[in-house]
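In this note's numbering, the protein residues as written are 29 to 391.
Yeah, the Cβ is synthetic: ideal placement off N, Cα and C, and Gly gets one too.
Since this is a predicted model, take the numbers as computed values, not measurements.
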Ligand SMILES: Cc1ncc(COP(=O)(O)O)c(C=O)c1O
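In structure tokens, the structure reads:
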């Protein structure tokens, strides 16, 4: 049985009539930039994220860049980021002109280690960007305590974790800012690129000017801004999908439960859900020292899988100026050597999950 890693069409097939109607409405209005459709989505998303406001932007990378710009973080500043994440978390810091300071992750959850964060703080540190990697929230209680003690801005990178919770509170409400991506395969995905920042009202006001070439009112440019807005059309599509997000996340969690019951292999580590965390399984990551052999078996059986990620960000060529060497981030390295994502999406059937588990158990 062929089982893809993701299946976006399975989601879009069911929503196609509603999406087509939204497209028709946008076309008839022909108002594509800013405006009431975007504002309505921003209000609805802010409620989901438990934040007073939300500001739609062009993608998740820009969401991070705008948060840094809103705090005037730039040359001479340091920003703490995890060594294991999607590269964009660190690239946003570089684009701000600041220095990314990499910190290793915890072995159980693959999220930034708060004890190491505390040790990495210097006089130059301005912000911490914890990443809720794979859909599991970082230890936000410990990180909030460090940020408060050291007077640092806390920017959640929630690009992989729409709807996740930490101690009952949604991600997006746990720091000063939270950046979300609507890349199509995310738990909440647009039909193209998109992103949003959840924050308080005063910061949202600054971000609205920054995303719109510095304008609060037309032709008055208060700050040097970006051109980074979430399209009204994408906001209309996302509004339809946002209503389904809780059910989709419950479906992902149910499928994670199936895998937990069905997968039996002594050398395989299944994802940990730490007490206090509500994991939304953007990715279902297993870990084994025999990762490459497992992936080859799955490929032969027609089952999709992928490595997230093969290389810690500080060892990428783009981060060479940071001067890191193998051995600096042993936990991130171990996860990069051993991780493999199994098929995970809300429409995955029980029979497909069983076929994946059989192939895993056989390999
Ligand atoms: C952890 C993380 N941060 C940032 C981003 C960047 O988001 P985007 O692709 O929308 O720019 C992503 C998206 O893949 C991500 O997974």
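Contact annotation: the stretch 324 to 343 does not touch the stretch 80 to 91, with fewer than three C-beta pairs closer than 8 Å. Under a 10 Å Cβ-count criterion, residue 327 is classified as exposed, with fewer than 16 other Cβ atoms of the shown protein chains found around its own Cβ.
A residue is called buried when at least 16 other Cβ atoms come within 10 angstroms of its Cβ; residue 90 meets this threshold and is buried. Nearest Cα to residue 185 within the set 244, 119, 237: 119. Residue side-chain check: residue 188 places its Cβ nearer than 7 Å to a non-hydrogen atom of ligand 1. Counting of Cβ neighbours within 10 angstroms places residue 99 among the buried residues, the total reaching 16 or more. Residue pairing of residue 185 in beta bridges, as defined by DSSP: 159, 207. Around the beta carbon of residue 369, 16 or more other beta carbons lie within 10 angstroms, which makes this residue buried. Annotation: the continuous beta strand (DSSP E) that includes residue 367 extends over 367 to 370. In this chain, residue 195 is not harboured by any alpha helix (DSSP H), its DSSP state being neither H nor E. Taking 7 Å as the cut-off, one finds no heavy atom of ligand 1 near enough to the beta carbon of residue 162. Judged by DSSP in its simplified three-state form, residue 234 adopts helix.
Annotated three-state conformation of residue 164 is coil, per DSSP. In this structure, the straight-line span from the alpha carbon of residue 166 to that of residue 56 is close to 43 Å. Distance between residue 58 and residue 67, taken at the CA atoms: about 16 Å. At a Cβ-Cβ threshold of 8 Å, residue 111 and residue 360 count as neighbours. Judged by DSSP in its simplified three-state form, residue 374 adopts coil rather than helix or strand.
With a cutoff of 8 Å on beta-carbon distance, residue 204 and residue 211 are scored as not near each other. Within the chosen limit of 7 Å, ligand 1 does not reach the beta carbon of residue 343 with any heavy atom. Boundaries of the beta strand (DSSP E) around residue 127: 127 to 131. For residue 319, the enclosing alpha helix (DSSP H) covers residues 319 to 328.
For residue 87, the shortest separation between its Cβ and any heavy atom of ligand 1 lies below 7 Å.
The DSSP-derived three-state label of residue 138 is coil. By the beta-carbon neighbour count (other beta carbons within 10 angstroms, threshold 16), residue 61 is exposed. No heavy atom of ligand 1 is found nearer than 7 Å to the CB of residue 256. Taking 8 Å as the cut-off, the Cβ atoms of residue 309 and residue 102 do not count as close. Looking at the DSSP output, residue 110 shares a beta bridge with 131.
Relative to the Cα of residue 386, the nearest Cα in the group 144, 108, 292, 189 belongs to 292.
Taking a contact to require three or more Cβ pairs closer than 8 Å, the stretch 119 to 131 and the stretch 346 to 354 qualify as touching.
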